[in-house]
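What follows is a single structure, written as structure tokens, with notes after it.
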Amino acid sequence: MKESLRQRFGKALRDLGRKNQDIYVLTADLSGSTCASFFGDEFPERFLNVGIAEQNMVGIAAGMASCGKYPYVHTFGVFAIQRAFDQICSSVAYSNLPVRIVCTHTGLSTGLDGATHQSISDIAAMRAVPNMTIISPADALEAELALKALERHPGPVYFRLTREERERILPEDYSFELGRAVQLADGDDAAVLATGIMVPRALAASRLLKEHGFNVRVINFSSLKPFDTDMVLQAARETKLLVTAEDHSIYGGLGAAVAETVTEAGLATPIVRLGVPDVFGESATGDELLDKYGLGVEDLVQSVLRKIAD
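The sequence shown runs 8 to 317 under the numbering used here.
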């Protein structure tokens, strides 16, 4: 079953707004696309469309947060990072204010809108911002659970959501915990460390690799900052190979965080980083682009087989 992360997040935020009167939602003329409209339709007095003015939107949210409110700003990943990064750093993160930056169109999976709308460097940028929390849910259920878990988190949060509907993979009794990675499949031949929409593909690859005689564990890194270094090191010590998978540039994202962790611990476990190479995307469906740039299920399978064969 497939489900929209942005829709489930938007409805869950509306439900939180019924109980928490300090929640406000802001959008930059994208209330429908980001599903901020679910909240705005029910609470127009706590909803603000600033127009195409992302920098102003973040500045207003910082002011609200400094007065004890919990503002959620909604836009696309490229608009938050490439237009309002100064305000995110100086007005929000520097003062450690509880502004939630909700980006519903991230990575190559944004698809047909093309390179100008595909945010492939946002994780790298946000990882370098002090006080910033980064969440990249694996499916719609985890998006809702992360929202609820961080309802009153005292600092800024970046929610990295997706445009297209994605496969539901987590059970109803799944528990989200900030800073904790979750192992979804067991194995000691290799480990695929994935985030966001690459988690379902990692699970599919693990099932195929079992047919080749290899047991490959899959770990979901939905919390990218804070980052579960213990889970990385455990996988590095217990398996022969680490493969990272992300709908993001290979520079500065999950793969970089894993490589930093393993290297600093002095371990020699081989690492293969799968992500967007040093290129801009193009216009096609999200799945077509993921496959083209080496992020398909078969790409994951072959990465493990080639390296283990070495």
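For glycine and all other residues, C-beta sits at the position ideal for the given N, C-alpha and C.
Since the structure is predicted, the reported quantities are computational estimates derived from the model, not experimental observations.
The beta strand (DSSP E) that contains residue i, what's its start and end?
i, result
"V85", "Element bounds for V85: not the beta strand (DSSP E) but the alpha helix (DSSP H), G84 to Q94."
"K76", "Counting along the chain, K76 falls outside any beta strand (DSSP E), and DSSP gives it neither H nor E."
"R13", "First-last for R13: L12 to K26, but that is the alpha helix (DSSP H), not the beta strand (DSSP E)."
"R107", "R107 to C110"
"I226", "V223 to N227"
"V189", "V189 to A192"
"L33", "I30 to T34"
"H255", "L249 to S256"
"S182", "First-last for S182: undefined, no H or E at that position."
What residue from the options has the CA that sits closest to residue i's CA?
i, options, result
"Y165", "R187, L191 and L104", "L104"
"K232", "G273, L185, L240 and G262", "L185"
"S343", "V308, I142, R208 and D22", "For the chain, the structure presents residues 8 to 317; residue 343 sits outside this window and is missing."
"V106", "E174, S73, G203 and P163", "P163"
"H160", "I142, I176, L177 and E174", "I142"
"Q62", "K76, S73 and V85", "V85"
"R90", "A209, D120 and H124", "H124"
"A87", "G262, I130, I315 and A272", "I130"
"D48", "L20, S73, A68 and A209", "L20"
"S310", "A212, M205, Q14 and A263", "A212"
"V99", "R53, M71 and E174", "M71"
"T270", "A243, V250 and S290", "A243"
"E305", "T41, A252, S73 and V80", "A252"
"Y79", "G262, L157 and L210", "L157"
"A209", "K18, S40, A122 and V250", "V250"
"P284", "A197, T268, D254 and E267", "D254"
"L12", "R173, E267, K217 and G262", "R173"
"C319", "K155, A69 and Q14", "In the structure displayed, the chain extends from 8 to 317; residue 319 sits before or after that span and is not available."
"G262", "I315, M205, A291 and F287", "M205"
"L216", "L119, K299, D298 and I315", "I315"
"T268", "A291, Q241, V286 and F287", "Q241"
"N27", "F183, K155, S73 and E218", "K155"
"D120", "R53, K299 and A291", "A291"
Decide if residue i is buried, meaning its Cβ has at least 16 other Cβ atoms within 10 Å, or exposed.
i, result
"E245", "exposed"
"C96", "buried"
"R214", "exposed"
"P51", "exposed"
"R313", "exposed"
"A147", "buried"
"V265", "buried"
"P207", "buried"
"C110", "buried"
"D237", "exposed"
"E151", "buried"
"A272", "exposed"
"F16", "buried"
"F234", "buried"
"R224", "buried"
"G39", "exposed"
"M8", "exposed"
Could you spell out where the alpha helix (DSSP H) holding residue i opens and where it closes?
i, result
"E295", "G293 to K299"
"K217", "M205 to E218"
"T5", "This structure cannot speak to residue 5, because the chain is shown only from 8 to 317."
"A242", "T236 to E245"
"F166", "No alpha helix (DSSP H) holds F166; the beta strand (DSSP E) holding it covers V164 to R167."
"E151", "A147 to A156"
"E172", "E172 -> no alpha helix (DSSP H), and no H or E assigned at all."
"A131", "D129 to R134"
"S40", "First-last for S40: undefined, no H or E at that position."
Assuming residue i and residue j form a contact by the criterion Cβ under 8 angstroms, report the distance between their Cβ atoms to the nearest whole angstrom.
i, j, result
"G282", "G303", "Actually they are not in contact, since the Cβ atoms of G282 and G303 sit about 13 angstroms apart, beyond 8 angstroms."
"Y101", "E149", "That pair is no contact at about 29 angstroms."
"S126", "T113", "5 angstroms"
"S229", "A153", "7 angstroms"
"F83", "L37", "7 angstroms"
"T117", "G301", "Going by Cβ atoms, the distance from T117 to G301 rounds to 18 angstroms, so no, they are not a contact pair."
"A145", "G220", "In fact, because the Cβ distance is near 27 angstroms, the residues do not count as touching under 8 angstroms."
"N222", "D195", "6 angstroms"
"L307", "V239", "Between V239 and L307 the Cβ distance is about 18 angstroms, and since that is not below 8 angstroms, they are no contact."
"Y77", "I108", "Incorrect: roughly 12 angstroms between the Cβ atoms, too far for contact."
"L330", "L296", "Past the edges of the chain, shown from 8 to 317, lies residue 330, and the structure says nothing about it."
"E10", "R175", "5 angstroms"
"Q94", "G66", "5 angstroms"
"K247", "A197", "6 angstroms"
"A122", "F287", "4 angstroms"
Open item on the list: Under 8 angstroms: do the region 168-183 and the region 269-277 share three or more Cβ pairs, one atom per stretch?
Closed with: no
Task: the region 191-201 in contact with the region 128-144 per 3-pair CB rule at 8 angstroms - done: no
Task: Sufficient close CB pairs (3 or more, under 8 angstroms) joining the region 52-60 to the region 16-36 - done: yes
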